Amino acid sequence: MFLKEQEQINQNIIEFLNKQGYPGREDLEWSAIPFSGDWGISTSFFKIAAQHARDLRQKGEQPPPVSELAQTIADQVRQNIGIPSGFKRVDAVHGYLNLFYEPLEFSRRVIDTVLEQGNRFGWGHKKGKRILVEFSQPNTHKAFHVGHLRNVVLGDALCNILEAAGNEVIRTNYINDTGLHVIKWLWNYRKFHDGEEPGEDKTRWMGDLYAEANKRLEENPELENEVRALYARWDRRDPDIMALWERTRQWSLEGFDQIYALLGIRFDHIFYDHELEKPGQDLVEELIRKGIAIDERPQGPVIIRIDDLLGLKKETYRVLVVLRSDGTSLYATKDLPLAIKKFEMFNPDLSVYVIDVRQSLYLQQIYKTLALMGHPDWAERCFHFSYEIVNLPGNVTIASREGTVVLLEDLVREAQQRALGVVKEKNPSLSVQEMIEVARVVALGAIKYPMLARDNTKVVTFDWQSALDFNGQAAPYIQYAHVRANSILRKLGESIPEAPSFQSELHPTEVQLIELIARLPNEIQRAAQEMKPLHLTNLAYELARAFNDFYAECPVLKAEGPIRANRLRLVAAAQQAIANVLNLLGISAPEVM
RNA sequence: GCCCCAGUAGCUCAAUGGACAGAGCAGUAGCCUUCUAAGCUAUUGGUUGUGGGUUCGAAUCCCGCCUGGGGCGCCA
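Residue 472 in the working numbering sits at position 471 of the first sequence, and the numbers go up by one each step.
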């Protein structure tokens with residue numbers, strides 16, 4: 002936010018160092034001063050000192066220790082640059098140069114910017130880059146559980162963040178409405194549930210029947226023949242089967258619509274894999290003709306020996322099976338034409354796949370095959386956004402086949418009930434309608450937050466107790482800070498005052514809060530660059546904590562004169578910043594709780 | 001067998017190669033005539049799995065090992 006000042010100082014220091022004969026550098030690395038209550042920018046001279054020491058040693062001189070040298074340089078720089086305008090103090094300590102902002106001037110600038118930009122504060126300039134993101138990818142005829150939730154929540158946040166950073170984002174879903182799991186479901190339905198219809202909770206019912214199908218097949222493996230026969234009829238587009246598929250598939254799709262509406266998630270385009278089945282089968286024939294795929298039918302499937310084609314000695318990408326020996330399609334059959342279709346339809350600069358880590362090898366195979374098919378440029382633009390799975394306590398895998406699932410429906414209902422209980426107790430003056438709405442928003446935030454607040458490489462273990470714990474490092478804590486800010490502004494009863502010309506000392510909690518607010522634009526860029534929503538959950542939490550500190554220490558409405566006006570403006574800015582981060586994470590910022 | 005990931009406080013997790021490794025939960029002791037206590041304050045808690053290496057500096061990068069998880073020809 003203070004790039005101009007930073008660049009100027011950076012420039013001055015480089016020039017000075019060059020004049021002094023220190024090893025040349027084009028740029029210094031700047032970061033925030035890491036001590037709470039201190040606000041400014043910081044750089045260090047260890048690298049220059051280390052290089053200088055090496056130079057001296059080469060000339061046969063005996064250099065002092067690097068840390069000492071770094072401190073010497075820091076001192077020299079400090080004396081040379083004096084106190085640049087806008088700063089109140091410059092320290093040289095432990096080899097670091099710390100420049101402390103003139104807090105009144107900078108705080109004013111931060112707050113003015115936030116209030117002026119409102120819900121676009123933190124957003125970056127247009128980058129002219131188009132990013133397509135595929136996420137959610139639910140299976141029809143199956144359950145929707147907390148494992149799927151991580152994908153949806155991460156995908157949604159990722160899209161929000163990429164967009165805020167200045168990219169054009171295309172949100173896509175890829176619904177798996179064909180495949181063995183569908184055939185199993187249809188088989189079970191025709192044989193044991195013919196004519197039945199789902200109740201209110203469609204997704205649960207679909208999931209139950211799927212688990213049941215698997216159980217029956219496990220108990221009587223000889224029935225697999227019937228399933229295979231049914232798959233053959235499907236593949237021939239038998240009208241009876243198609244009609245049943247259309248009807249039952251619709252139940253799942255309606256269930257998904259309910260879930261996405263509940264979670265507040267939208268898509269720009271939805272791909273269905275039934276659209277890709279025929280193109281995929283045709284594509285496989287083409288691959289065989291081109292000599293890329295090897296047809297082992299009918300004894301074996303159609304495969305691509307990727308390592309052989311790439312001339313790799315060591316097994317790396319191994320073998321990709323692209324078509325079953327009976328000619329029916331697999332995931333890969335459809336993923337290849339889908340990859341192409343994405344580029345043909347949208348020509349994205351980046352094609353992101355939000356899919357769990359277990360499919361890493363598979364996706365690399367798809368990308369490599371895409372390159373081998375003559376699209377190396379597209380292959381390079383594909384990116385697997387990988388994340389670890391959600392487990393149940395005791396390292397139990399969530400498996401819809403085995404029915405060891407925590408359904409999203411159940412989780413949301415439990416969390417809402419819990420939140421409703423809390424809001425009734427904490428804020429009895431609200432109307433029933435308001436209470437229900439608060440409970441909904443708080444419950445959803447609480448559910449989404451843990452999915453975003455740990456690194457993608459970490460397994461999330463779902464347990465009911467911590468999922469329903471609304472205290473501490475959790476979304477409700479952040480939402481509550483927003484509510485408190487809102488509460489002050491509501492009590493104010495008039496519009497936020499103009500910035501007074503006269504300002505006075507800031508309280509340390511104010512400095513800390515302003516510092517964190519000022520970080521939002523950079524953190525959005527960093528989160529987008531590294532594709533880590535985690536950076537923003539961290540910032541959201543720190544913002545909330547800083548606000549609660551401020552709230553405890555600094556009276557606002559009871560303050561007087563310019564202090565009151567300034568604090569009111571800070572409260573409004575903090576509220577805006579918290580709301581902006583929460584929105585990026587897909588979490589609502591309520592006005593009351 | 002080959003490959004990927006994780007290992008940080010009792011538990012769940014943070015930490016652009018940088019200053020004293022930080023939060024929450026749990027525990028203990030306090031704070032509601034004061035803008036909502038879903039909050040705040042204080043306090044306890046660490047050989048960052050382990051052995052080397054690189055570096056001025058390593059939880060972070062490299063190599064070995066240990067433990068756990070995952071992936072590897074017709075599941076998705």
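Note that beta-carbon positions come from the ideal geometry of N, C-alpha and C, so glycine has one too.
Every value quoted in this text rests on a predicted model; they were computed, and no experiment measured them.
For Arg131, three-class secondary structure by DSSP: strand
Secondary structure of Lys89, DSSP reduced to three states: strand
Assigned secondary structure, Arg217 (DSSP; H/G/I helix, E/B strand, else coil): helix
Proximity test, Gln466 beta-carbon vs the ligand HEM heavy atom, cut-off 8 Å: Ligands in the displayed structure: none, and consequently the ligand HEM is not present.
Buried or exposed (CB count within 10 angstroms, at least 16 for buried), Glu135: buried
Cβ-Cβ separation, Leu535 to Ala578 (assumed contact under 8 Å), whole Å: About 18 Å; that fails the 8 Å criterion.
Proximity below 9 Å, CB of Tyr318 to CB of Gln259: no
Segment limits, alpha helix (DSSP H) that includes Cys160: 147–165
For Ala33, the residue or residues it bridges with in DSSP: Ile42
Residue range of the unbroken alpha helix (DSSP H) whose run includes Asn13: 4–20
Under the three-state DSSP convention, the category His376 falls into: coil
Thr510 classed as buried or exposed, judged by whether at least 16 other C-beta atoms fall within 10 angstroms: buried
Endpoints, beta strand (DSSP E) assigned at Asp258: No beta strand (DSSP E) holds Asp258; the alpha helix (DSSP H) holding it covers 240–264.
Gly125 versus Ala333 - alpha carbon distance: 37 Å
Of the residues Thr114, Val154, Leu218, the one placed nearest Ala573, counting alpha carbons only: Thr114
7 Å Cβ shell around His142 - same chain, five flanking residues per side excluded: His182, Val183, Trp186, Met207, Tyr211, Thr249, Ser253
Cβ-Cβ distance between Gln513 and Pro591 below 9 Å: no
Contact check, Val67 vs Ala93, beta carbons under 9 Å: no
Coil, strand or helix - His275 by DSSP: helix
Per-residue burial, His95 [other beta carbons within 10 Å of its own, 16 or more giving buried]: exposed
Residues bridged to Cys555 (per DSSP): Bridge partners of Cys555: none, in fact.
Arg172 (DSSP reduced to helix, strand or coil): strand
Per-residue burial, Ala230 [other beta carbons within 10 Å of its own, 16 or more giving buried]: exposed
Cβ shell of Glu524 (< 7 Å), same chain only, five flanking positions each side left out: His536, Leu537, Leu540
Cβ neighbour criterion (16 or more within 10 Å) applied to Thr204: buried
Contact check, Phe268 vs Leu133, beta carbons under 9 Å: no
Length of the line joining the Cα atoms of Gln362 and Met452: In the sequence as presented, Gln is not what sits at residue 362; that position holds Leu. Approximately 23 Å, taken between the alpha carbons.
Nearest-angstrom Cβ-Cβ length linking Gln360 and Asn487, presumed shorter than 8 Å: That pair is no contact at about 43 Å.
Residue from Glu381, Leu373, Val323, Val322 whose Cα sits closest to the Cα of Phe344: Glu381
Asn189 versus Met436: straight-line alpha-carbon distance, rounded: 43 Å
Residues near Ile10 in its chain [Cβ-Cβ closer than 6 Å; skip 5 each side]: Pro85
Straight-line Cα distance separating Ile162 from Ala529: 6 Å
Residue closest to Arg172, alpha-carbon to alpha-carbon, out of Asp157, Asn99, Ala166: Asp157
Of the listed residues Phe503, Ser45, Pro556, Ser108, nearest to Leu517 (C-alpha basis): Ser108
Backbone CA spacing between Asp296 and Ile289 [nearest angstrom]: 7 Å
Among Pro24, Glu16, Trp40, nearest to Leu507 - alpha-carbon criterion: Trp40
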